[in-house]
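Asks:
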Amino acid sequence: MTDLFTPPTLSTVAVGVQANVAAVRSRCRSELMAVVKADGYGLGAEDVARAALGAGCTWLGTTGVSEAAQLRRAGFDTGILAWLHPAGMDVESAEAHNVDIAIGSLEQLMHAFRCARGNLRIHLHVDTGMTRGGLPAYDWPDAMHLAAAGQADKLFRVVGLMGHLPNADSAKPAANDAGLRSFESAHRMARRAGLAVDVRHVATTSATLTDPRTHYDLVRIGAGLVGIDPSGSTTLSPTVSLTCPVVHTRAVKAGTSVGYGGIGLAGESGFVSVLGIGYADGLPQHLDAGAHVMIHGRRCPIVGPVNMDQIVVETGNWPASPGTEATIIGVNPGEPTVQLWAQWGNTSPHNVITGFGQRLQRSLLIKEIV
Numbered sequence: 124m125t126d127l128f129t130p131p132t133l134s135t136v137a138v139g140v141q142a143n144v145a146a147v148r149s150r151c152r153s154e155l156m157a158v159v160k161a162d163g164y165g166l167g168a169e170d171v172a173r174a175a176l177g178a179g180c181t182w183l184g185t186t187g188v189s190e191a192a193q194l195r196r197a198g199f200d201t202g203i204l205a206w207l208h209p210a211g212m213d214v215e216s217a218e219a220h221n222v223d224i225a226i227g228s229l230e231q232l233m234h235a236f237r238c239a240r241g242n243l244r245i246h247l248h249v250d251t252g253m254t255r256g257g258l259p260a261y262d263w264p265d266a267m268h269l270a271a272a273g274q275a276d277k278l279f280r281v282v283g284l285m286g287h288l289p290n291a292d293s294a295k296p297a298a299n300d301a302g303l304r305s306f307e308s309a310h311r312m313a314r315r316a317g318l319a320v321d322v323r324h325v326a327t328t329s330a331t332l333t334d335p336r337t338h339y340d341l342v343r344i345g346a347g348l349v350g351i352d353p354s355g356s357t358t359l360s361p362t363v364s365l366t367c368p369v370v371h372t373r374a375v376k377a378g379t380s381v382g383y384g385g386i387g388l389a390g391e392s393g394f395v396s397v398l399g400i401g402y403a404d405g406l407p408q409h410l411d412a413g414a415h416v417m418i419h420g421r422r423c424p425i426v427g428p429v430n431m432d433q434i435v436v437e438t439g440n441w442p443a444s445p446g447t448e449a450t451i452i453g454v455n456p457g458e459p460t461v462q463l464w465a466q467w468g469n470t471s472p473h474n475v476i477t478g479f480g481q482r483l484q485r486s487l488l489i490k491e492i493v
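Be aware that the sequence shown starts at 124, since it is given in our numbering, and climbs by one per residue.
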């Protein structure tokens with residue numbers, strides 16, 4: 124028997140990604156890395172990468188070597204950096220797929236010494252105050268000299284120096300002062316050790332948009348690609364369209380209870396429609412007042428709780444026919460945004476955009492935003 128239920132559709136809007144790259148390029152003359160970790164922030168690493176490279180990015184960034192290798196197999200031939208590894212990282216795969224790797228500990232550096240066969244490119248990752256990853260300052264002297272020795276022995280080539288600024292999201296450039304002093308100190312130490320690194324990079328989206336001092340040779344844009352500026356300083360373009368068809372509609376009287384526990388009440392006599400989407404698909408389970416979807420240009424409030432795979436919306440005196448498309452998240456003026464859903468769900472835009480469920484139908488939209 125054919126399943127007539129049409130799943131919700133999550134679309135990556137390529138023109139939005141490209142507009143965001145253009146917005147960053149207007150403020151930065153350095154090379155741009157498109158960070159497509161976590162499957163391109165949940166929107167498809169290959170789709171986001173293609174859009175970003177088409178708009179002028181020259182590097183790709185991933186969390187691990189396996190993600191980078193997958194991009195290579197998909198045909199991407201630009202520079203790729205992977206930066207989160209255990210001490211026993213897969214050097215063989217990195218060399219085989221021409222993937223640059225970040226080295227953030229003496230243990231990783233020693234592993235590279237043992238396993239590299241001459242084709243490995245490394246970026247020394249120094250801790251500039253994040254205390255989350257990277258070589259701590261007390262290990263810099265040993266790491267610089269060890270890296271220089273490995274390069275002299277032609278085991279690998281040190282091509283980059285990277286860090287991560289812990290306070291860039293504040294949108295106040297002064298918050299980056301300590302991190303930049305630390306990074307400059309590491310760079311001087313690298314040069315004294317004979318490491319003439321080609322690529323220095325420390326800025327992610329927020330610092331790139333707010334502090335030109337952080338740009339160096341390369342900036343890493345991740346959240347900004349998909350329309351999120353953690354600093355709140357810049358309005359970026361939306362990149363997500365999430366739609367869902369109406370499953371069925373019924374008439375109700377004002378005050379009719381809706382959902383588990385009867386905690387939702389219909390605001391007026393009219394019609395309510397069920398949409399086949401819920402928290403298993405990534406919607407926040409608990410929403411503030413005001414949460415709504417759009418159906419045929421009408422704002423339709425969500426009434427009652429968000430269930431695993433259903434929500435109920437009020438459509439007023441208009442009965443929405445089964446199959447009518449509802450816009451959960453849109454890219455056009457007046458449609459709910461990722462940021463609005465984050466507000467309604469008391470969470471962050473990052474959680475919304477990376478939390479979409481696996482059963483959503485995926486697509487790539489190449490169209491203008493109206």
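In this text, a Cβ means the ideal position worked out from N, Cα and C, and glycines have one as well.
1) Select from 209, 412, 214, 203 the residue whose C-alpha is nearest the C-alpha of residue 427.
2) Which partner residues does residue 396 have in the DSSP bridge list?
3) So, is residue 124 buried or exposed, given that buried needs 16 or more other C-beta atoms within 10 angstroms?
4) Here's a check: name, in chain order, each residue in its chain whose Cβ is nearer than 8 Å to the Cβ of residue 243, leaving out the five neighbours to either side.
5) In the DSSP assignment, the alpha helix (DSSP H) including residue 499 goes from what residue to what residue?
6) Could you check the C-alpha separation between residue 109 and residue 354 for me, to the nearest Å?
7) Counting only runs that start and end within the stretch 165-237, where is the beta strand (DSSP E) found for 3 or more residues in a row?
8) Near residue 187, which residues of its chain fall below 8 Å by C-beta distance, leaving aside the five closest residues on each side in sequence?
9) Going by C-alpha to C-alpha distance, which of 167, 133, 174, 159 sits closest to residue 142?
10) Please work out which residues of its chain come closer than 7 Å, Cβ to Cβ, to residue 211, disregarding the five sequence neighbours upstream and downstream, and give them in chain order.
11) I need the boundaries of the beta strand (DSSP E) containing residue 452, first residue and last residue.
12) Mark residue 338 as exposed unless 16 or more other C-beta atoms lie within 10 angstroms of its C-beta, in which case mark it buried.
13) Can you tell me whether residue 392 is buried or exposed? The criterion is at least 16 other CB atoms within 10 Å of its CB, across all chains shown.
14) Tell me whether residue 425 sits in a helix, a strand or coil according to DSSP, three-state version.
15) How would you write the range of the alpha helix (DSSP H) that residue 476 sits in, first residue to last?
16) Cβ of residue 285 within 7 Å of Cβ of residue 248?
17) Output yes or no for whether 7 Å exceeds the beta carbon distance between residue 397 and residue 363.
18) Taking all protein chains shown into account, decide if residue 230 is buried (16 or more other Cβ within 10 angstroms of its Cβ) or exposed.
19) Spatial neighbours of residue 415 within its chain, please: C-beta separation below 8 Å, excluding the five flanking residues on both sides.
20) In the DSSP assignment, what residue or residues form a beta bridge with residue 360?
21) How big is the Cα-Cα spacing for residue 368 and residue 455?
22) Let me make sure I understand the geometry here. Which of 383, 334, 346 has the alpha-carbon closest to that of residue 161?
23) Classify residue 152 as helix, strand or coil using the three-state DSSP reduction.
24) Can you tell which of 135, 147, 129, 131 has the C-alpha that lies nearest to the C-alpha of residue 357?
25) Based on Cα-Cα distance, which residue from 276, 132, 320, 360 lies nearest to residue 239?
26) Inspect the CB distances between the stretch 311-327 and the stretch 252-271 and report whether three or more fall short of 8 Å.
27) Where does the unbroken beta strand (DSSP E) through residue 246 begin, and where does it stop?
28) Hey, quick one: how far does the alpha helix (DSSP H) through residue 379 stretch, first residue to last?
29) For residue 305, count the other beta carbons within 10 Å of its own beta carbon; 16 or more makes it buried, fewer makes it exposed. Which is it?
30) Which residues in the same chain have their Cβ closer than 8 Å to the Cβ of residue 450, if we skip the five residues on either side of it in sequence?
31) Between the beta-carbon of residue 464 and the beta-carbon of residue 475, is there less than 7 Å?
32) Restricting to Cα atoms, I'd like to know which of 145, 164, 408, 420 is closest to residue 477.
33) Can you have a look at residue 389 and say buried or exposed, based on whether 16 or more other CB atoms are within 10 angstroms of its CB?
34) From what residue to what residue does the alpha helix (DSSP H) around residue 278 run?
35) Taking the C-alpha atoms as reference points, what is the distance between residue 492 and residue 198?
36) Label residue 190 either buried or exposed according to how many other C-beta atoms from any shown protein chain fall within 10 Å of its C-beta, with 16 as the threshold for buried.
Replies: Taking the geometry as given:
1) Among 209, 412, 214, 203, the Cα nearest to that of residue 427 belongs to 412.
2) The secondary-structure analysis by DSSP pairs residue 396 across a beta bridge with 372, 436.
3) Since pLDDT at residue 124 reaches only 44, below the 50 mark, its modelled position is unreliable, and no value is offered.
4) Counting only Cβ-Cβ distances below 8 Å, and skipping sequence neighbours, we find 214, 217, 218, 224, 235, 278, 279, 280.
5) Outside the displayed span of the chain (124 to 493) sits residue 499, for which this structure offers no information.
6) There is simply no residue 109 to check, as the chain begins at 124 and stops at 493 in what is shown.
7) Note on the stretch 165-237: whole beta strand (DSSP E) runs with a minimum of 3 residues are 182-185, 202-205, 223-226, in chain order.
8) Cβ neighbours of residue 187 beyond the five flanking positions: 205, 207, 208.
9) Looking at the Cα atoms, 174 is the closest of the given residues.
10) So the qualifying residues of the chain are 234.
11) 448-452 is the span of the beta strand (DSSP E), which, as asked, contains residue 452.
12) Under this definition residue 338 is a buried residue.
13) Exposed, since its Cβ has fewer than 16 Cβ neighbours within 10 Å.
14) Of the three classes helix, strand and coil, the one that applies to residue 425 here is strand, per DSSP.
15) Note, residue 476: alpha helix (DSSP H), 472-477.
16) A distance below 7 Å separates the beta carbons of residue 285 and residue 248.
17) It is not a contact, given that the beta carbons lie outside the stated cut-off.
18) Counting Cβ neighbours within 10 Å, residue 230 comes out exposed, since fewer than 16 surround it.
19) Correct list, in chain order: 422, 423, 424, 425, 436, 459.
20) For residue 360, DSSP assigns no beta-bridge partner whatsoever.
21) Straight-line spacing of the CA atoms in residue 368 and residue 455 works out to 18 Å.
22) Distance from the Cα of residue 161 is smallest, within the candidate group 383, 334, 346, for 346.
23) The answer is coil: DSSP assigns residue 152 none of H, G, I, E or B.
24) Residue 357 has its Cα closest to that of 147, out of 135, 147, 129, 131.
25) Measuring from the Cα of residue 239, the nearest candidate turns out to be 276.
26) Counting Cβ pairs under 8 Å, three or more are found: they touch.
27) Note, residue 246: beta strand (DSSP E), 243-248.
28) First-last for residue 379: undefined, no H or E at that position.
29) Buried is the call here.
30) Non-local beta-carbon contacts of residue 450 in its own chain, meaning distances under 8 Å to residues more than five positions away in sequence, involve 364, 365, 366, 416, 417, 418, 458, 459 in chain order.
31) Between residue 464 and residue 475, the CB-CB gap stays under 7 Å.
32) Measuring from the Cα of residue 477, the nearest candidate turns out to be 164.
33) Around the C-beta of residue 389, 16 or more other C-beta atoms lie within 10 Å, and the residue is accordingly described as buried.
34) No alpha helix (DSSP H) contains residue 278, which DSSP labels as neither H nor E.
35) Any reading at residue 492 must be qualified, since the residue scores a pLDDT of 48, below 50, and its modelled position is unreliable; no value is offered.
36) With 16 or more other Cβ atoms inside 10 Å of its own Cβ, residue 190 counts as buried.
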